[in-house]
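Residue numbers (the working numbering), protein chains in the order written: chain A, 82 to 353; chain B, -6 to 387.
First up is the structure itself, then whatever we jot down about it.
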Amino acid sequence: MTAVVPPAPYRVAGARAETGDTRSIELLPTGRELPPFSPGQFAMIYAFGVGAAPISVSALRGPHGGLVHTVRAVGAVSTALYGLRPGDGVGLSGPYGTGWDLEAAAGHDVLVVAGGIGLAPLRPVVHEVLDRPAGYGRPAVLIGTRTPADLVYRDEVESWCARARVEVTVDRPGPGWRGSVGVVTTLLDRLDLRPDRTCALVCGPEVMMRHTARDLVARGLAPHRIQVSLERNMHCATGHCGHCQLGPLLLCRDGPVVGYDRVADLLLVREL
Amino acid sequence: MSADAEVNGSPPPVPEGLVMGKDGMAVLVDVLIRRGFTVVGPTVRDGAIVLARLLSADELPYGWGVELEAGRYRLRERTDGAAFANAAGPQSWKSFLHPARVREWSADRVEGEVVFTAEPADPPRYAFLGVRPCDLRAIAVQDRVLTGGTYRDPGYEGRRFGTLLIVVECTEPGATCFCVSMGTGPAAGPGYDLVLTEVVDVHGHRFWVRSGSEEGAEILAELPARPADPDTRETARAGVTAAADRMGRTMPEADLRELMAGTLDAPRWDDVAGRCLTCGNCTMVCPTCFCTTTEDVTDLTGDHAERWRLWDSCFDLDFSHLHGGPVRASTRSRYRQWMTHKLGTWYDQFGSSGCVGCGRCIVWCPVGIDITEEAAALHDWTRSGAPAPETEGE
């Protein structure tokens, strides 16, 4: 057997608008089923005839029992995925990459810091931590978005408030916004952070992750207690296409989730 | 050098090898074809020594040498009639094992469902004739990249698995060669089925042949060859030893991995960026560069789609594209990515250097950028001009 294995056929079981350019799609297998995903891992989702893109799983089990991915329409493939309707077929391969290291977070205060759609790969972590509160310390979720309209999973985020410290800040407030304004790192000041007992999981634009990690280190968190989920161009997810390099790392294989201690220096090199 | 190959085949072991003439080479190609191999080897075409399918040993580049320099490749007639007295041409074996364009699968939309069809895998059984020791190492490097990790490239594996490797040791290095610096030649390392050393002197034109596998020994037993005489063996060994002293280029005496990791901010990258055209030639001719992109296409009906995989180059602006733009927009960052990957981070990713010292990137660079010269400049910078590393705790 020497043929390249094609993606597994999946069907869109449900689609839900999250923001003006972002939708969540729930996928169920129509044939071969992929092995289970862990929070932080990603799939390559193939839009028929257009191409495939790496998308992190945003819920391990949706309302129909399928895998949920949240897609923002920014390129050809993601726009095609955004446009999918229930019943449409896609190709799915995975799970790929490292997930969030929840074993390292066990027993710790779990600090989730998300920028924009960076909340998507972190959502399964929030589910896990809130579903099994005995396994972790105090949960906190800090979210920064550009505008109030860019907040994904709005209803769900509100439902988290009862069980976790949840703070949302926006760069540009709109009419009616009564919450915080400013970058997400400003929310760190409001936390009663216990640096020696905290594990931070961070996902968002690279500059946001760099600043968040740097500020957390300045507040006494050890770099290896900070996990970041990095993004690079990716074509294969199997370590063969070469596109996802960040210095010594192949992010499809060594990432997307990596300890900040491994990448702090790399993220400081421009255009690496 | 490791001239005496180990023989583990069933035919009587011949550690001292056999010697055969040009007639033996003709029989070798015939035997390979008769055994069902698609024979690929060097031949003269379009003003260069290319790798192509051979139907007869007559097509080998007997009497042709090459003149190599940075940005320059010329054929040169030789008076000795040697077939393999020429250093690397524009192609490498990756053109066959990791082809530039491969259809990976196809998909059809049938009543709303997407049905995927795997590409039938029926690769030819290749016999590569005339693999240089540097290129033998390059094949081993690509083996590790494409089949050594969690995910194996099944297409590569299928093509590579049945391939017979007939190495010819190097006795005529080019002015751009530096296999000695990279520890890959001019003598053959492990991994071949047969190894040949070409000798042309007053006693005639002949090949000293040893086998490195059972199949190699079986093939060797079919050739019109006689036990190798001490004189042929000595002359062959001396030719390879002399080649080691005639490298046209050398890498600086430094730990290249550390050198690359420690010079990411060196001003030399701006200097080379002033010359580099980001054409990607170096990545196309490099025998280990493996990067690919995907191309998804549909036919006119829109219901039939295909996934193709194509060679890609880290010099292409699109290579690092993310929403918001490329990660590596400047020429500086793209040349730096290529060179630091090749000589440095390849170790972290795949456990070895990505450079085998074949010199192709130097020859085929349209502006003559020389990786050994760039490495030397970085090395000089660390020894003289580089800002001192920050000391901890001060």
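We treat Cβ as the ideally placed atom computed from N, Cα and C, and that holds for glycine.
All of these numbers come straight from a predicted model, not from anything done at the bench.
- For residue 60 of chain B, the beta-bridge partners assigned by DSSP are B:67.
- Nearest to residue 8 of chain B by alpha-carbon distance, out of B:219, B:363, B:245, is B:219.
- Beyond the five residues adjoining it in sequence on each side, residue 361 of chain B comes within less than 6 Å, by CB distance, of 63, 64 in the same chain, given in chain order.
- Take the alpha-carbon of residue 12 of chain B and the one of residue 173 of chain B: they are about 26 Å apart.
- Within the region 161 to 240 of chain B, the alpha helix (DSSP H) runs of at least 4 residues that lie entirely inside it are, in chain order, 172 to 175, 207 to 214, 223 to 237.
- Annotated three-state conformation of residue 177 of chain A is strand, per DSSP.
- If you check each beta-carbon in the region 336 to 358 of chain B against every beta-carbon of chain A, the ones closer than 7 Å belong to 338, 341, 342.
- The Cβ atoms of residue 316 of chain A and residue 276 of chain B do not sit closer than 8 Å to each other.
- Annotation: the region 178 to 249 of chain A contains the following complete segments of the beta strand (DSSP E) (minimum length 3 residues), in chain order: 190 to 196, 220 to 226.
- Sequence-distant partners of residue 302 of chain A (beyond 5 residues in either direction) whose C-beta falls short of 7 Å from its own C-beta, in its chain, are 276, 279, 281.
- In this structure, residue 68 of chain B sits away from residue 152 of chain B, with a CB-CB distance that is not shorter than 8 Å.
- Within the model, the alpha-carbon separation for residue 210 of chain A versus residue 289 of chain B is close to 39 Å.
- With the criterion set as a beta carbon lying under 7 Å from some beta carbon of chain A, the members of the region 313 to 329 of chain B are 313, 314, 315, 316, 320, 321, 322, 323, 326, in sequence order.
- Collapsing the DSSP output to three states places residue 118 of chain B in coil.
- In the three-state DSSP reduction, residue 151 of chain B falls in the helix class (H, G or I).
- Residue 290 of chain A has its alpha-carbon roughly 50 Å from the corresponding atom of residue 157 of chain B.
- Relative to the Cα of residue 220 of chain A, the nearest Cα in the group A:192, A:231, A:234, A:238 belongs to A:192.
- For the C-beta of residue 107 of chain A, not a single chain B residue is nearer than 8 Å; the gap to the nearest is close to 17 Å.
- Residue 284 of chain A: member of the beta strand (DSSP E) spanning 279 to 284, first to last residue.
- Pairing residue 98 of chain A with residue 128 of chain A gives a Cβ-Cβ distance that is not under 8 Å.
- A contact is defined here as three or more CB-CB pairs under 8 Å, and the region 130 to 146 of chain B fails this definition with respect to the region 163 to 170 of chain B.
- Inclusion of residue 87 of chain A and residue 110 of chain B in the CB contact set at 8 Å is warranted, their separation being smaller than that value.
- For residue 131 of chain A, the chain B residues whose C-beta falls within less than 9 Å of its own C-beta are 289, 291, 298, listed in chain order.
- Annotation for residue 119 of chain A: 180 place their beta carbon closer than 6 Å to its own, counting only its chain and skipping 5 residues before and after.
- Here residue 177 of chain B is not near residue 217 of chain B, since their CB atoms are 8 Å or more apart.
- Per the C-alpha coordinates, the member of A:224, A:167, A:135 positioned closest to residue 312 of chain A is A:135.
- Residue contact check for residue 265 of chain B against chain A: no CB pair falls below 8 Å.
- Among the CB atoms of chain B, one or more fall inside 8 Å of the CB of residue 171 of chain A.
- C-alpha of residue 162 of chain B to C-alpha of residue 150 of chain B: approximately 25 Å in a straight line.
- Around the beta carbon of residue 311 of chain B, a 10 Å sphere encloses fewer than 16 other beta carbons of the protein chains shown; the residue is thus reported as exposed.
- Chain-ordered listing is empty here: chain B has no CB closer than 7 Å to the CB of residue 348 of chain A, the nearest sitting near 12 Å.
- Residue nearest to residue 241 of chain B within the set B:363, B:37, B:27, B:88 is B:363 (criterion: CA-CA distance).
- The bridge partners DSSP lists for residue 299 of chain A come to none.
- Boundaries of the beta strand (DSSP E) harbouring residue 149 of chain A: 148 to 153, taken from the DSSP string.
- Within the region 268 to 317 of chain B, the beta strand (DSSP E) runs of at least 3 residues that lie entirely inside it are, in chain order, 285 to 291, 297 to 304.
- Per DSSP, reduced to three states, the secondary structure at residue 363 of chain B is coil, with no helix or strand assignment.
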